[in-house]
Each structure stands twice: as C-alpha cells, then as structure tokens.
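Asker: Residue 260 is where the sequence shown ends in my numbering, and the numbering goes up by one at each step. I have a structure I would like to understand better, so I am pasting it below and will then ask my questions one at a time.
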Amino acid sequence: MATNIKGTGILWVTGNISKSGPLTEPEFTKWYDKDHVPEIVETSGIDNAFRSVHVDKASPYGTSGCPKPFLTFYTTKDLAFTQGDEFRKIKVKSDLLPGSQIIYDLADIDVGYYALIGKSGKASSEGLKFFLTSAIEPRPEEKDEDVNAFFDQQTATISKVQGYLHSRRFRLQYARTNAQSRVLKGLAPASNEPAPEPPTWMVVHSFYTEPTSDVREIITKDRHEVLKRAKQNQTDAYRLAKAQGKGRFFDEDEDGIPQ
Numbered sequence: 002m003a004t005n006i007k008g009t010g011i012l013w014v015t016g017n018i019s020k021s022g023p024l025t026e027p028e029f030t031k032w033y034d035k036d037h038v039p040e041i042v043e044t045s046g047i048d049n050a051f052r053s054v055h056v057d058k059a060s061p062y063g064t065s066g067c068p069k070p071f072l073t074f075y076t077t078k079d080l081a082f083t084q085g086d087e088f089r090k091i092k093v094k095s096d097l098l099p100g101s102q103i104i105y106d107l108a109d110i111d112v113g114y115y116a117l118i119g120k121s122g123k124a125s126s127e128g129l130k131f132f133l134t135s136a137i138e139p140r141p142e143e144k145d146e147d148v149n150a151f152f153d154q155q156t157a158t159i160s161k162v163q164g165y166l167h168s169r170r171f172r173l174q175y176a177r178t179n180a181q182s183r184v185l186k187g188l189a190p191a192s193n194e195p196a197p198e199p200p201t202w203m204v205v206h207s208f209y210t211e212p213t214s215d216v217r218e219i220i221t222k223d224r225h226e227v228l229k230r231a232k233q234n235q236t237d238a239y240r241l242a243k244a245q246g247k248g249r250f251f252d253e254d255e256d257g258i259p260q
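This is the structure:
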C-alpha cells in the first residue's frame, strides 16, 4: 500500500453486487446499515458515513452506463488512520451475508483515498440529500493552478443552482481494487486485477434537493481548456440513502481548512 496516505480526507467506496453470487440487494443494504458502517463510525478515526445510490442505477449488478451503482464514503481527520491496526481489524465477514459471508466474494468493490484540498459554500451539511461529482485526470503537463482555476469556475456556476449546499475538493492519494482489498485483509486474491487508475482530481457538489439533468450537463458540456485536454472526465450523481455518525461532511472549521 502507498506510504504517503495522510491528512484530512475521505474513503470513497463504490461497488456492485456480483451477478454470479447469492447476495441480494436487500442483504447488501442491511449489511451496510446494520453491521459494516456502524462498526466503522465507532472507530476512533472515522466520524461520518454517507451511503448513497447512483441516480442512474438500473441494476444492482451494474451496467455499462453505471458500472458501480453503490457508493459509501467516510470522512476522517487523518487518512493515516487507515494504515493502522484498528482500521485493518474492521470485519469483512458477517453473519448477515450469505454464502462464504465474505463481502469481497459477493461484491466488486473499489476504494479511493482522497485528501481534502478545499471547500466552499455553506458551512453546514444540514438537509444534505444529493451529490454531484466531477472528476478529471488532467494532462501530465497541466499546472495545478490551472486545474484549480477550472474547478473554481465550475463551482461558481454550480453554486447558483437551486438547492446547492456546498462543494468539497479532493486529490487522490491511493486506490485499490477488490482483489487488492482481499490481500489487505489476508484473503487470497480471486484475480490479478490491474491497479486502478481513477481520476486524481474530484469535486463533490452537495445539494438539499435533487439537481435536474441539465445541471449535470453544465459539467459534461463545459468547454474549458483544462477539461478539453483532460485524459479522463467523469460526472456522476448520487442520492443519499442513509447517513451515519455525525452526518457532517467537513462542516465549519472542523477540518482546519477555511471556507
């Protein structure tokens, strides 16, 4: 695992249920809400969890247009916590799951470790119900200041949308596949998956009402030069299903990063 994982940030966990397995969506949801997430938010390093579902979800197994319809993300004041024994002891086997009862046998789950680098908008997450994400992989020669200027412009536009709450900006520190997660937990890898290469910059725009489809088009049809040159450009929208812990998405000055 990468050794530079540290600082305020999030664990961004996306997944789909394995089509060939016995796990059903109600069982998957029950495991998350009654077992897995409560265990995580009771640790000393993670205070908040937001389980969400992609607005384009057509199947719990994923589709070409929405391969990973499930999202749960967790906030932490120091991502270094995920490198310690307390985090590694979090269970991935549960009596609430069928078959082998090991989640990595039953679902395909990707994990991203993202450092918080900026935020804007309202100081509180009260009423938060929807997320709109914009993630890009800039060209190697792109300057950070130009990427930040692009996201500043995007955020200024999105902030005028009905129901807007706030925006949180992140940089990817590390990502792992389902197979790599198995190894982390001492399980035999089911496959030799290539290392994931998700976009390294991401902004999460939060809303208290569901954005209309044309709001997503504001992002996807943007003709900014940074976006036109980007190697990857991904936009997703999620509906919050359940928040646990304090329900705070880097509110006020709790993370040390000013609004």
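Each residue gets a CB set at the ideal place from its N, CA and C atoms; glycine is no exception.
When DSSP labels each residue in this structure, what does L97 get in the three-state scheme?
Answerer: In the sequence shown, residue 97 corresponds to position 96, counting from 1. Coil.
Asker: Whole alpha helix (DSSP H) runs in the segment 131-183 with 4 or more residues, listed along the chain?
Answerer: List check, alpha helix (DSSP H) in window: 145-159.
Asker: Can you list, in chain order, the residues of its chain whose CB lies under 7 Å from that of I6, leaving out five sequence neighbours each side?
Answerer: The residue given as residue 6 occupies position 5 in the sequence shown. Contacts found: L80, A81, T83, Q84, Y114, Q174 and Y175.
Asker: Could you have a look at Y62 and say whether DSSP puts it in helix, strand or coil?
Answerer: Along the sequence shown, one-based indexing puts residue 62 at 61. If DSSP states are grouped into helix, strand and coil, Y62 belongs with coil.
Asker: Measure the Cβ-Cβ separation of I18 and L107 and say whether it is below 8 Å.
Answerer: Here residue 18 is taken as the residue at index 17 of the sequence shown, counted from 1. Here residue 107 is taken as the residue at index 106 of the sequence shown, counted from 1. Going by C-beta atoms, I18 is nearer than 8 Å to L107.
Asker: Could you tell me the alpha carbon to alpha carbon distance between W32 and L24, rounded to whole angstroms?
Answerer: Locating residue 32 in the sequence shown gives position 31, where the first residue counts as 1. Locating residue 24 in the sequence shown gives position 23, where the first residue counts as 1. About 11 Å.
Asker: K229 lies in the alpha helix (DSSP H); which residues open and close that run?
Answerer: Here residue 229 corresponds to residue number 228 of the sequence shown, with the count starting at 1. Residues E226 to R230.
Asker: From the DSSP output, read off the bridge partner residues of R249.
Answerer: For the purposes of this step, residue 249 is taken as the residue at position 248 of the sequence shown. Per DSSP, none; premise fails for R249.
Asker: Hey, would you say D147 sits closer than 8 Å to V227, going by beta carbons?
Answerer: Here residue 147 is taken as the residue at index 146 of the sequence shown, counted from 1. Here residue 227 is taken as the residue at index 226 of the sequence shown, counted from 1. Taking 8 Å as the Cβ cut-off, D147 and V227 qualify as a contacting pair.
Asker: Among C67, E218 and A50, which has the Cα closest to the Cα of I159?
Answerer: Locating residue 159 in the sequence shown gives position 158, where the first residue counts as 1. Checked all of C67, E218 and A50; the closest Cα to I159 is E218.
Asker: Between the beta-carbon of F74 and the beta-carbon of I11, is there less than 8 Å?
Answerer: Taking the first residue of the sequence shown as 1, we reach residue 74 at position 73. Taking the first residue of the sequence shown as 1, we reach residue 11 at position 10. In contact: F74 and I11 (Cβ atoms closer than 8 Å).
Asker: Could you tell me the boundaries of the alpha helix (DSSP H) in which K31 lies?
Answerer: Walking along the sequence shown from the start, residue 31 turns up at place 30. Start and end: E26 to W32.
Asker: Between the C-alpha atoms of P39 and G246, what's the straight-line distance to the nearest angstrom?
Answerer: The sequence position of residue 39 within the sequence shown is 38, counting from 1. The sequence position of residue 246 within the sequence shown is 245, counting from 1. Rounded to whole angstroms, P39 to G246 spans 8 Å at the Cα level.
Asker: For the putative contact between P68 and K58, defined by C-beta atoms under 8 Å, what is the C-beta separation to the nearest angstrom?
Answerer: For the purposes of this step, residue 68 is identified with residue 67 of the sequence shown, where counting begins at 1. For the purposes of this step, residue 58 is identified with residue 57 of the sequence shown, where counting begins at 1. Not confirmed; about 11 Å, so no contact.
Asker: Helix, strand or coil for I41? Go by DSSP, reduced to three states.
Answerer: By 1-based counting over the sequence shown, the position of residue 41 is 40. Here I41 sits in helix by DSSP.
Asker: Cβ of K92 within 7 Å of any heavy atom in the ligand FAD?
Answerer: As for the ligand FAD, it is missing from this structure, which has no ligand bound.
Asker: DSSP three-state label for S121, please.
Answerer: Position 120 of the sequence shown, counted from the first residue, corresponds to residue 121. Looking at S121 - three-state DSSP - the assignment turns out to be strand.
Asker: DSSP state of T213, grouped into three classes?
Answerer: The residue given as residue 213 occupies position 212 in the sequence shown. The answer is coil: DSSP assigns T213 none of H, G, I, E or B.
Asker: In whole angstroms, give me the CA-to-CA distance for Q181 and D109.
Answerer: By one-based count along the sequence shown, residue 181 stands at place 180. By one-based count along the sequence shown, residue 109 stands at place 108. For Q181 and D109, the distance between alpha carbons rounds to 11 Å.
Asker: Quick check on D223: does DSSP put it in helix, strand or coil?
Answerer: Taking the sequence shown and counting its residues from 1, one reaches residue 223 at position 222. Coil, per DSSP.
Asker: Which partner residues of T76 appear in the DSSP bridge assignment?
Answerer: Here residue 76 refers to the residue found at position 75 of the sequence shown. In the DSSP output, where bridge partners are listed per residue, T76 has I11 and N49.
Asker: Going by DSSP, name the residue or residues bridged to R89.
Answerer: For this step, residue 89 is matched to residue 88 along the sequence shown. In DSSP, R89 forms no bridge with anything.
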